[in-house]
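A.B. asks: Chains A and B are the protein sequences, given in the same order.
Counting in my numbering, the first sequence runs without a single skipped number right up to 205 at its last residue.
Counting in my numbering, the second sequence runs without a single skipped number right up to 205 at its last residue.
Mind looking over this structure? Questions follow.
2 protein chains.
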Amino acid sequence: MRQIPRATVARLARYLQGVEELAKRTVSSAEIASAVGVSAAQVRRDLSYLGHQGIRGVGYETEHLLTALRRELGLVENVGVAIVGAGNLGQALAGYGGFEERGFSVTAIYDIDAAKIGTSIHGHPVRHVDSLPADSEAFAIAIIATPAEAAGEVLHRLSACGVRSVLNFAPAVLKGPPNVEVRNVDLSTELQILSFYRSRNGS
Amino acid sequence: MRQIPRATVARLARYLQGVEELAKRTVSSAEIASAVGVSAAQVRRDLSYLGHQGIRGVGYETEHLLTALRRELGLVENVGVAIVGAGNLGQALAGYGGFEERGFSVTAIYDIDAAKIGTSIHGHPVRHVDSLPADSEAFAIAIIATPAEAAGEVLHRLSACGVRSVLNFAPAVLKGPPNVEVRNVDLSTELQILSFYRSRNGS
DNA sequence: CTCTGTGAAACACTTCACAGCG
DNA sequence: CGCTGTGAAGTGTTTCACAGAG
Numbered sequence: 003m004r005q006i007p008r009a010t011v012a013r014l015a016r017y018l019q020g021v022e023e024l025a026k027r028t029v030s031s032a033e034i035a036s037a038v039g040v041s042a043a044q045v046r047r048d049l050s051y052l053g054h055q056g057i058r059g060v061g062y063e064t065e066h067l068l069t070a071l072r073r074e075l076g077l078v079e080n081v082g083v084a085i086v087g088a089g090n091l092g093q094a095l096a097g098y099g100g101f102e103e104r105g106f107s108v109t110a111i112y113d114i115d116a117a118k119i120g121t122s123i124h125g126h127p128v129r130h131v132d133s134l135p136a137d138s139e140a141f142a143i144a145i146i147a148t149p150a151e152a153a154g155e156v157l158h159r160l161s162a163c164g165v166r167s168v169l170n171f172a173p174a175v176l177k178g179p180p181n182v183e184v185r186n187v188d189l190s191t192e193l194q195i196l197s198f199y200r201s202r203n204g205s
Numbered sequence: 003m004r005q006i007p008r009a010t011v012a013r014l015a016r017y018l019q020g021v022e023e024l025a026k027r028t029v030s031s032a033e034i035a036s037a038v039g040v041s042a043a044q045v046r047r048d049l050s051y052l053g054h055q056g057i058r059g060v061g062y063e064t065e066h067l068l069t070a071l072r073r074e075l076g077l078v079e080n081v082g083v084a085i086v087g088a089g090n091l092g093q094a095l096a097g098y099g100g101f102e103e104r105g106f107s108v109t110a111i112y113d114i115d116a117a118k119i120g121t122s123i124h125g126h127p128v129r130h131v132d133s134l135p136a137d138s139e140a141f142a143i144a145i146i147a148t149p150a151e152a153a154g155e156v157l158h159r160l161s162a163c164g165v166r167s168v169l170n171f172a173p174a175v176l177k178g179p180p181n182v183e184v185r186n187v188d189l190s191t192e193l194q195i196l197s198f199y200r201s202r203n204g205s
C-alpha cells in the first residue's frame, strides 16, 4: 500500500493548508473535505495512505495530522529554493512572501545580466547562473522564470548539478530525465484551458 | 463521444503550442508527441475527440489542425483578460508578453489602492475593483492576484458580474459555483508537491 | 452512535495493438 | 507501406457503502 498516487500527493498539500487554517483541536474528514473542496471519502482514502492517523468516532487530532502531513511532504526542515531568471516574473516570485511562511526560503536569484548580478532583489542576492553548481547545496528546489528560449538549457544545467525538483514558469513544456520531477505551470496554457470551459458553461 | 475528458483538454492547449512551434506543413502524432512529451497513442486519441482531422499514411495537415484546435479551445477571437490585484504578482502578469502572442489581451488591472488607481502598469490601466461590473463585457477571463484574504470576496464579485473562468494565484483554494471554472495555481502547493518527490527520487 | 478505514464497484484515463485508409 | 483512428485491455483514481473501533 506504499506508493502514494500522484493525485493524492497533490491533495495532501491542500489538506496541510486546510487543516492549518481550520485551527481546531480535532478535525473530521468532512471538515477537511469542505475546506478544500473534495469529498469526505476522498479525504479518508488519501489520509489512509499515511497509515492510521484518525480516531474513529472523533476525527483526526490536528497536531498529529499536521506532523504526519509535513513529514510525508518532506517539510520537516526548511527547504531552500533557487529562482532562475531575474525578469519580471522572477522578481515577483522573489517578493512573494508566501514562501517563507510555508517553510521555503529563497536562497538566491540567478541571471546572466551583468547589470543585475551582485544586486539584491527583495533582500535576495542576484548571482550569475554559472555559480549554480557551486551553490547547489543550498537549495533543493529550483524555479525557472526565464524566457522560453533559455528554459531548456537552464533545466539541463540544474539537472547536471543534482537538482531533482523543478517548477517551470517559462512558456515551454520541459521534461527532465526520469529522476527529475518537473512541474510546468504555463500561464498561457492555463488561460487556454479556461477559454475552453468558458465556451461550454452555458451562458 | 462528445464530452472531452478534462485531462485531454489540458493537453490540447499544449498541442496547439507544440504544433505552432514545429512549423511544418504536416505533422505526425509521433512528432507532436515528442514535442510535448506524451505518447503518440495519447496524441491520436486526444485528437480523435476533434473528429477525423488526420490523413492516414501522412499525418495531420498543420493549418487545418491548428484551426480545429483553436476552435475547440474557443480561441477564434481575441480573448479579454482582467487582472485583479496590482501587487507584485499582478504587475508581473501585466508585463508578461506571452499573453498577447497567444490571443489574450489584458484589458485592465483592478485594485483598491487609491494611489494606484488611474495610473497605468505596462500600458494597462489600473481601475477600482468597483468598476468590474461596468467593465465586465470587456473580458471573458479574470486572474486573481490578490492576497489570500481578499481572494474569496473577489471571486464572489467576479461571479456576480458573469465571469465564468477564473485563474486564481492567491494562496487559497477557491471553488466557485458549478458554472464557474476556477483553476487554482498556488505556488506554495506546487513547491510542497515537489518537496514530496524530492525525498523519494533516489539520491 | 459517530466517524474512520477499506473492500469492492464504478468510473476515468492511458496504452496496446491492429484494421484499414490514402 | 506509413500513419491514423479505435476497439479492447490495462491501469489509475474516485465513489459507495458498511464493518468496526472508540
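Glycine is no exception: its CB is placed at the ideal position from the N, C-alpha and C atoms.
Looking only at its chain, what residues have a beta carbon closer than 7 angstroms to the beta carbon of V175 of chain A, apart from the 5 residues adjacent to it on each side?
C.D. replies: N186
A.B. asks: Would you please verify whether the beta carbon of I195 of chain A is less than 7 angstroms from any beta carbon of chain B?
C.D. replies: yes
A.B. asks: Over the uninterrupted beta strand (DSSP E) stretch that includes L169 of chain A, give me the two end residues.
C.D. replies: 167 to 170
A.B. asks: Out of curiosity, what's the CA-to-CA distance linking E139 of chain A and I57 of chain A?
C.D. replies: 40 angstroms
A.B. asks: Would you give the residue range spanned by the beta strand (DSSP E) that P7 of chain B belongs to?
C.D. replies: Judged by DSSP secondary structure, P7 of chain B falls outside any beta strand (DSSP E); it is assigned neither H nor E.
A.B. asks: Any beta carbon from chain B within less than 7 angstroms of K118 of chain A's own beta carbon?
C.D. replies: no
A.B. asks: Which residues of the stretch 156 to 188 of chain B have a Cβ closer than 7 angstroms to any Cβ of chain A? Give them in chain order.
C.D. replies: R166, S167, L169, P173, V175, K177, N181, E183, R185, V187
A.B. asks: Over the uninterrupted alpha helix (DSSP H) stretch that includes Y2 of chain A, give me the two end residues.
C.D. replies: This structure gives no information on residue 2 of chain A, because the portion of chain A shown stretches from 3 to 205.
A.B. asks: Can you tell me whether T126 of chain A is buried or exposed? The criterion is at least 16 other CB atoms within 10 Å of its CB, across all chains shown.
C.D. replies: It is worth fixing the name first, because residue 126 of chain A is His in this sequence and not Thr. Flag for H126 of chain A reads buried.
A.B. asks: Rounding to the nearest angstrom, what Cα-Cα distance links G82 of chain A and Y199 of chain B in this structure?
C.D. replies: Answer to the nearest angstrom: the Cα atoms are 15 angstroms apart.
A.B. asks: Less than 7 angstroms separating the beta-carbons of V38 of chain B and R73 of chain B?
C.D. replies: no
A.B. asks: Applying the criterion that 16 or more other CB atoms from any shown protein chain within 10 Å of the CB defines a buried residue, is K26 of chain B buried or exposed?
C.D. replies: Exposed, by the Cβ-count rule.
A.B. asks: Go ahead and pull the three-state DSSP assignment for G20 of chain A.
C.D. replies: helix
A.B. asks: Sort out for me which residues DSSP pairs E183 of chain B with in a bridge.
C.D. replies: B:S167
A.B. asks: Find out if the Cβ-Cβ distance for the pair I119 of chain B, V128 of chain B is shorter than 7 angstroms.
C.D. replies: yes
A.B. asks: Within 10 Å of its beta-carbon, does Q5 of chain B have 16 or more other beta-carbons around it, so buried, or fewer, so exposed?
C.D. replies: exposed
A.B. asks: Who are the near neighbours of D48 of chain A in its chain, counting only those whose CB is closer than 8 angstroms to its CB and skipping five residues on each side?
C.D. replies: For D48 of chain A, where only same-chain residues beyond five positions count, the Cβ hits under 8 angstroms are T10, R13, L14, Y17.
A.B. asks: Could you check whether the Cβ of N80 of chain B sits closer than 7 angstroms to any Cβ belonging to chain A?
C.D. replies: no
A.B. asks: Check whether chain A comes within 7 angstroms of Y62 of chain B, counting only Cβ atoms and requiring the distance to be less than that.
C.D. replies: no
A.B. asks: Quick one: which residues of the stretch 28 to 49 of chain B get their C-beta closer than 9 angstroms to a C-beta of chain A? List them in chain order.
C.D. replies: Correct list: A37, V38, G39.
A.B. asks: Going straight from the alpha carbon of A94 of chain A to that of N90 of chain B, what length do you get?
C.D. replies: One C-alpha to the other measures close to 5 angstroms.
A.B. asks: Beta-carbon of V21 of chain B versus every beta-carbon of chain A: anything under 7 angstroms?
C.D. replies: no
A.B. asks: Between G100 of chain B and chain A, is the shortest Cβ-Cβ distance under 7 angstroms, so that the two count as touching?
C.D. replies: Yes, contact with chain A.
A.B. asks: My parser needs the alpha helix (DSSP H) runs of 4 or more residues fully inside the stretch 45 to 81 of chain B; what are they?
C.D. replies: 64 to 74
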